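Here the structure is laid out as C-alpha cells; the discussion comes afterwards.
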DNA sequence: CGTCCCCTTGAGTTATTTCAACACTCGTGG
DNA sequence: CCACGAGTGTTGAAATAACTCAAGGGGACG
C-alpha cells in the first residue's frame, strides 16, 4: 500500500490517471481534476498526510478508517458512487481512506477548490453544505453507536444503505462483515448472527452473504 | 420549556436580550447580533425547528441532544464558553440544544452570517473551518463510542474537557452524571463507578462530585 | 424537619464479546 | 480435474463488560 503522494509523485499518469477532466463536486460546481483507479484495499490517502486533494467516488466504494494503537478500528463512513469525501478543510487528514472494492476516484486539487470558493459565493455555499451534510450524517451515526442495540444497528445500516443506492430488488454489499462490524461498533460474529436472525425473522433474505433483499417489515425500522 | 421562537416572538427584549452587539464568530469575523440568558435545562433551539440563528456561548455550557422515540438520549457535544454552535447550514435543526447551566448566549441571524460569507471569501473560509472542526471532533467521538471501554471513555472525556478549559488545578464539571453518561454512551451507574475506580487508582481526586483533579497518569491516557 | 434531586454502591442479569471450530468460495498449481 | 491454502462467513459455548434493579447517602431548599 503506497500513498497517493508517492504514486503521483513517482509516476504521473500511472494507475490510469487522466488529467484535464471537469468534475462536478456539487450541483453546478464543476472543477478541473482527473480520475484514478484504486484496487480493492488500496489506500487513497493516509492519516497525517497533507490534505492536498478532495475526492469524488465515480464508481466503487470507499471507507474512512481510524485506528487505535492496539489495532481497534472504527470506520467513520462509507462513500458510494457520487459521494464527495476528504473535504474536512484541515491541513492534514485525521483518518485514512481506503478502497472497499476496485474504484474509480476523481481528484481535484484543494487549491483549485479554494479558488473556486473564493470567486463564487454560491459555489462556496454549496461546498460548505457538503461538509454540513457529512456532519449531520455523523451525528446520526453517533446516536446509533451510543444508544442502539446490535439488531437496530444492523437494520439501520441496511435501510440507510438501500436508500442511498439505486433502487433494485436486491441490495448488494460491497463491504465485508469486518468492515460492517467496524462501522457499527460490533464484532464480525455479532454482525453475522444478526444477519442470520433477521433472515430467520423474515425481515430479509440472503441469497448470498453479499446480496440482501429487504422485506417490508425492515423498511419500517426506526432509523 | 418554550422554544426560542416563541420567546423572542412574544416578548422581544425579554430574557435579558440585548440587541446591537458585535459577536466575534471566528478570528476576525465579527457579526451583528445580540445576547440572551438561558436558565439551566432551558431549550435554546429544538429539533425540527428552523435554523434561523447561529449561536456562541459567552458563558455557561450547552449540550446538543438527540432523542429516540423510546427516550434513549444521546448528547452529541458539549459547548463551552467561546464555542460556536448551531452552524450546520441546513434549513432545520436535526437535534436540540439545551443549557447545561445558566448561560449567556450570543445569537446572530443566519441571514447576517450568509451575507458576510458571500461578501468576504476569507470570512466564508473561516466559518466553513468551524464546521470542519466540528466534523473532526465528531469523528474522534465516534471512535470513542464505537471502540472504547467505559474506563477509556471517561478518561478521554476528562482529558479532553480539561484541555478545552482554562488551566486550573481542579476541573469543574458543569454537567450531571446523566449528561456525561448520555454523551459517552454509558449509564449513570457505570459513569459513577468509573469515577470511583479512577480515584481508587489515584488517577484523579474528587473533592466533590462536580470537582475533579486530574493526576499525571491520566494526562497520558490515549485520547 | 422533610422532600427532592443527584450520586454512589451492591447484587444479579444480559447483550455482546471472545475463543474455537467448521463451511464455503475462489484462485493456483500439481 | 482435483488438492490445497488463504480469505471470508457462520455457528456454538463460555466469559465478561456493562446494564438493570434496588437501596441508601448527602446536599440544597422550602
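Chains as they are written, first to last, in our numbering: chain A, 8 to 230; chain B, 8 to 230. Glycine residues also receive a C-beta, built at the ideal position from the N, C-alpha and C atoms. Computed from a predicted model, the values in this text were never measured in an experiment.
Item                                                                                                                                                : Value
CB-CB under 7 Å to residue 97/A, same chain, minus the five flanking residues each way: which ones, in chain order?                                 : 58
Using a Cβ cut-off of 9 Å, pull out every chain A residue sitting near residue 79/B, in sequence order please.                                      : 150, 153, 154, 155
Can you check whether the C-beta of residue 143/A is within less than 8 Å of a C-beta belonging to chain B?                                         : yes
Buried or exposed: residue 156/B, going by 16 or more other Cβ atoms within 10 Å of its Cβ?                                                         : exposed
In terms of residue numbering, what span does the beta strand (DSSP E) encompassing residue 65/A cover?                                             : 60-66
Would you kindly report the start and end of the unbroken beta strand (DSSP E) that includes residue 218/B?                                         : 218-221
Going by Cα to Cα distance, which pick from 115/A, 77/A, 192/A is closest to residue 33/A?                                                          : 115/A
Whole-angstrom Cβ separation of residue 105/B and residue 187/B, contact assumed at under 8 Å?                                                      : That pair is no contact at about 15 Å.
Under 8 Å, do residue 142/B and residue 141/A count as touching if we go by C-beta distance?                                                        : yes
Report yes or no: is there a C-beta of chain B within less than 8 Å of the C-beta of residue 138/A?                                                 : yes
Per DSSP, which residues does residue 44/A bridge with? Please list them.                                                                           : 111/A
Using the beta-carbon count (16 or more within 10 Å), is residue 162/A buried or exposed?                                                           : buried
For residue 188/A, name the three-state secondary structure that DSSP assigns.                                                                      : helix
Can you tell me whether DSSP reads residue 83/A as helix, strand or coil?                                                                           : strand
Cutting at 7 Å between CB atoms, please list the residues of its own chain near residue 74/A, excluding the five before and the five after it.      : 80
Would you kindly work out how many angstroms separate the C-alpha atoms of residue 101/B and residue 138/A, rounded to a whole number?              : 15 Å
For a test of the three-state rule: what should DSSP assign to residue 134/A, helix, strand or coil?                                                : helix
Does any residue of chain A bring its CB to less than 8 Å from the CB of residue 125/B?                                                             : yes
Quick check on the DSSP output: the beta strand (DSSP E) that includes residue 238/A runs from which residue to which?                              : With chain A running from 8 to 230 in the structure shown, residue 238/A is simply not present.
Check whether the region 145-159 of chain A and the region 175-184 of chain A are in contact - that is, three or more C-beta pairs closer than 8 Å. : no
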